[in-house]
Every structure is written in C-alpha cells, then in structure tokens.
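Reading through the structure tokens given below for one structure.
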Amino acid sequence: MCAAAHPQLSQWQQVNHELKPMLPGLHWAKLSTQTSPLHFLSMEHSYRSPSFSSSSQESQASGLPEYVKIVEVGPRDGLQNEKVIVPTDIKIELINRLSKTGLPAIEVTSFVSSKWVPQMADHKEVMRGIERHPGVQYPVLTPNLKGFHSAIAAGATEVSVFGAASESFSKMNINCSIEESIEKFEEVAKSARNMNIPVRGYVSCALGCPYEGDITPAKVAEVSKRLYSMGCYEISLGDTIGVGTPGSMKRMLEAVMKEIPLSALAVHCHDTYGQALANILTAIQMGVAVVDSSVAGLGGCPYAKGATGNVATEDVIYMLNGLGINTGVNLYTVMEAGNFICTALNKKTNSKVAQASFNTETIK
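According to the working numbering, the sequence shown holds residues 80 to 443 in order.
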C-alpha cells in the first residue's frame with residue numbers, strides 16, 4: 080500500500096510503532112544525512128521476516144526448504160565491473176554494513192591479477208580492513224595457487240574457485256581450458272584441505288554462454304562433479320548472462336543432482352532477461368537451499384555482453400519472506416547497505432523492492 084493512499088497519518092504512525100522494535104536504532108524519515116530522504120510505500124509485511132512457528136509449517140507443507148542461505152556477492156561480483164575504481168574505504172564500509180544484516184556469507188574480494196580485474200587490486204587492504212562478525216563467512220575468489228596463498232596471508236578463512244561449463248568462456252574468463260582450470264583448482268583444493276580451509280566452487284555459464292550459446296546440462300553436471308570430487312563443499316551454478324528460464328533451470332538441476340548431493344548445490348542468477356526470481360523459485364522448489372545474490376542488484380560479467388546485473392539481494396529476501404522461508408536476514412538493513420553503495424557510486428539501485436520502498440519525499 081502506498082503512503083499517499085493513507086489519509087490518516089495515525090495509521091502510518093501505528094505501523095511505524097510496530098516496526099521500530101524489530102528494527103531498532105534506524106531512522107524512519109531518513110537513512111542518514113548523507114543519503115536521500117525516503118518513505119515506505121510497502122507496509123509491515125515488506126520488511127518483517129516470517130513468523131517461523133507458522134510459516135515454517137507452511138513451507139514444509141508446500142515442499143519448500145524451511146531455511147535458505149543467502150550468499151552475498153555484491154562486494155566482489157557486484158563491484159568488480161565498475162568502470163571507476165571504488166575507494167577501498169567504501170568497499171570496507173559496505174562489507175561492514177552487510178555484516179550487520181544477518182547475512183551468513185559475504186564474498187569479499189578476488190585475489191586475481193590487477194591486470195585482469197583492476198577493481199580488485201586492493202584485495203589485501205580490503206581483507207585486512209573489514210570487521211569480522213561471529214557466524215559470518217567471508218570467502219574470497221582464488222583462481223590459482225598463487226592467489227590462494229596471497230589470500231591466506233591476508234587472513235582469508237574460506238576461498239572460492241571459479242570454473243565454467245563453456246570452453247570459450249573459460250578461455251576468455253580465466254585464460255585456460257576447462258581441463259587446465261580443473262588442474263589449477265585441484266592444486267588450490269589440495270592446499271586448502273591441508274590447511275582446513277573450506278573451498279566453494281562456481282560453475283559459470285550453467286544456462287548459456289555468450290560465445291557458444293546453449294550449454295548442455297550434461298556438461299554442467301560433469302564440471303560440477305569434478306569440483307565436488309576435489310573437495311568443494313558447495314557448487315554454485317551460475318546463469319552468467321541471465322538467459323535461463325524455469326524450464327532450462329529445471330533441466331540443468333535434474334542433470335546435476337544425478338551427480339552431486341542436493342545439499343551441496345547453490346544457484347547464482349543474473350536478471351538480464353528478467354527471469355532471475357522465477358529461476359530461483361524453481362530451484363528452491365526442487366530443494367536447493369542456497370542462493371547467491373548482490374545488494375542493489377550490482378554487477379554483471381566483463382566477458383558476458385549484456386549481462387547487466389545480478390539478482391538483487393533485497394528482491395530475493397522479499398520473495399522468500401513471502402513464501403514463509405527463513406533467511407535470518409533483516410531486509411531493511413540490507414536496503415540501507417544498498418542505499419549506501421548506490422549513493423557512493425552515484426547510481427540507481429536495481430532492486431525493485433528498494434525502488435518501491437524508497438522515495439525522494441519525506442513523510443510529513
């Protein structure tokens with residue numbers, strides 16, 4: 080319901096009164112003196128996490144997971160393609176804000192060559208500068224053994240390797256074939272295992288490639304199996320250019336689930352064709368309980384023309400709240416973090432939920 084539709088301010092004040100205990104210490108007319116005024120166009124249900132005594136029963140009855148883990152990729156995947164170098168202190172502040180939202184995992188940065196990804200050249204400074212909260216994972220991307228050792232020296236306690244189901248994309252993205260990339264990842268996984276460092280695996284182009292077009296589900300399953308076999312505890316299946324549909328998502332997951340456990344799967348969807356939420360819903364209906372997303376819908380892929388935006392964390396949480404699925408994440412504080420980074424970047428949020436919730440007029 081829009082604020083303009085409220086003829087009586089007392090009704091808004093009542094909602095405000097009910098929400099404040101759930102969101103203590105927040106400013107309702109403004110996020111801060113550095114951000115734009117806002118008012119809420121959505122009502123109480125927009126921000127409140129489900130009441131799990133009843134909603135968990137509803138999700139169980141519908142065959143949905145009771146809990147979905149959100150992996151926030153904004154600080155890495157969301158910022159890596161910004162044309163202007165984002166100041167290190169802004170990156171650190173974004174991560175610190177996200178750490179206070181209830182997110183269980185925040186991908187911090189990439190330990191890659193600054194020649195290939197100049198935005199991530201300050202990876203050591205970012206890693207050493209963030210505040211670490213108990214119960215929050217802070218994985219970093221390490222495509223090879225050199226990057227792995229550099230990440231560990233900077234204080235990383237979890238790493239990720241980034242493969243592809245497309246030969247062409249693999250050569251463009253990490254400058255080697257799929258087989259060569261697997262060999263590099265095996266070196267990382269072996270060293271990580273010896274140091275008790277968890278490794279997460281990514282498979283990009285799981286639903287399509289900008290160079291090869293359609294990718295067969297069997298190929299995605301093959302690469303996923305090899306990553307899982309080398310010790311990756313979780314495999315994130317990425318629709319890198321956002322061409323997937325619920326149908327192709329279902330077919331791909333069916334193939335992958337024949338090779339690795341459902342509990343080890345995650346999905347990473349881009350919203351290029353507006354299908355991200357539908358694809359995520361399909362995945363969780365099939366039992367997937369880990370979803371990657373990016374605050375404010377930041378990010379894309381420098382090698383995938385037209386892939387302009389990860390699915391927004393705010394939109395994913397809103398949908399999951401409506402399904403009665405627990406995430407443990409405070410939607411409002413995620414929107415605050417999104418507003419912070421969008422203000423810093425001087426760009427509009429890609430989150431539909433944030434767009435619908437914030438306005439440039441303060442409630443009077």
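In this text, a Cβ means the ideal position worked out from N, Cα and C, and glycines have one as well.
Bear in mind the structure is a predicted one, so any value in this text is a computation, not a measurement.
Worksheet item: In chain order, which alpha helix (DSSP H) runs of at least 4 residues are fully inside the stretch 211 to 274?
Response: 224 to 232, 246 to 253 and 257 to 273
Worksheet item: How would you call SER430, buried or exposed, if buried means at least 16 neighbouring beta carbons within 10 angstroms?
Response: buried
Discussion item. Quick check on this structure: which residue in LEU182, VAL374, ASN405 and ASN223 has the alpha carbon closest to the alpha carbon of VAL267?
Written reply: ASN223
Discussion item. On the criterion of 16 or more Cβ atoms from any shown chain inside 10 Å, does LYS148 qualify as buried, or is it exposed?
Written reply: buried
Worksheet item: With which residues is HIS202 paired in a DSSP beta bridge?
Response: None, per the DSSP bridge assignment.
Fill in: Residue environment, VAL141, which counts as buried when at least 16 other CB atoms sit within 10 Å
Reading the sequence as shown, one finds Ser at residue 141 and not Val. Counting Cβ neighbours within 10 Å, SER141 comes out exposed, since fewer than 16 surround it.
Discussion item. Which residue wins for smallest C-alpha separation from SER247, given the options ARG279, ASN273, GLU259 and TYR411?
Written reply: GLU259
Discussion item. At the level of alpha carbons, what is the spacing between ALA230 and ILE276?
Written reply: 11 Å
Worksheet entry | Residues bridged to ILE314 [DSSP beta-bridge criterion] | GLY280 and LEU344
Item to complete: Would you mind stating whether TYR281 and SER315 have Cβ atoms separated by less than 8 Å?
Response: yes
Discussion item. Distance check for ASN254 and VAL219, CA to CA, integer angstroms please.
Written reply: 19 Å
Fill in: Coarse secondary structure for GLY417, derived from DSSP in three states
helix
Item to complete: Check whether the Cβ of TYR307 lies closer than 8 Å to any Cβ atom in chain D.
Response: Among the chains in the structure shown there is no chain D, since it carries only a single protein chain.
Practice prompt. Please state if the CB of THR188 and the CB of PRO166 are separated by a distance shorter than 8 Å.
Written response: no
Worksheet entry | Alpha carbon of ALA84 to alpha carbon of LEU158, nearest angstrom | Because ALA84 carries a pLDDT of 40, less than 50, the predicted location of this residue cannot be relied on, and the following value inherits that uncertainty. Each residue's Cα considered, the two are about 37 Å apart.
Fill in: Cβ-Cβ separation, GLU237 to ARG279 (assumed contact under 8 Å), whole Å
7 Å
Item to complete: Go ahead and pull the three-state DSSP assignment for GLU151.
Response: strand
Worksheet item: Is it buried or exposed for ASN389, if we count other Cβ within 10 angstroms and need 16 for buried?
Response: buried
Fill in: Minimum C-alpha distance to TRP195 - residue among VAL215, ASN160, VAL205 and ASP371
ASN160
Worksheet entry | Cβ neighbour criterion (16 or more within 10 Å) applied to TYR312 | exposed
Worksheet entry | Presumed contact (8 Å Cβ cut-off) between ALA355 and ALA300, rounded CB distance | Their Cβ separation, rounded to whole angstroms, is 22 Å, which puts ALA355 and ALA300 out of contact at 8 Å.
Practice prompt. Determine the contact status of GLY242 and PHE264, defining contact as a CB-CB distance below 8 Å.
Written response: yes
Practice prompt. Keeping to the same chain, check which residues put their C-beta closer than 7 Å to that of THR180; ignore five residues upstream and five downstream.
Written response: VAL408, ASN409, THR412, VAL413 and ALA416
Item to complete: Compute the Euclidean distance between the alpha carbons of VAL205 and THR422, then round it to the nearest angstrom.
Response: 20 Å
Worksheet item: Which class does GLY326 belong to by DSSP, given the choice of helix, strand or coil?
Response: helix
Discussion item. Among SER270, PRO183 and ALA297, whose alpha-carbon lies nearest the alpha-carbon of GLY226?
Written reply: SER270
Worksheet item: Are the Cβ atoms of ILE261 and ARG330 separated by less than 8 Å?
Response: no
Worksheet item: What are the partner residues of ILE185, as DSSP defines its beta bridges?
Response: GLU151
Discussion item. Which residues does DSSP list as the beta-bridge partners of SER372?
Written reply: GLU151
Discussion item. Quick test of your reading: ALA184 and VAL240, contact by CB under 8 Å. State the CB separation rounded to the nearest angstrom.
Written reply: At roughly 16 Å, the Cβ-Cβ gap does not stay under 8 Å, so ALA184 and VAL240 are not in contact.
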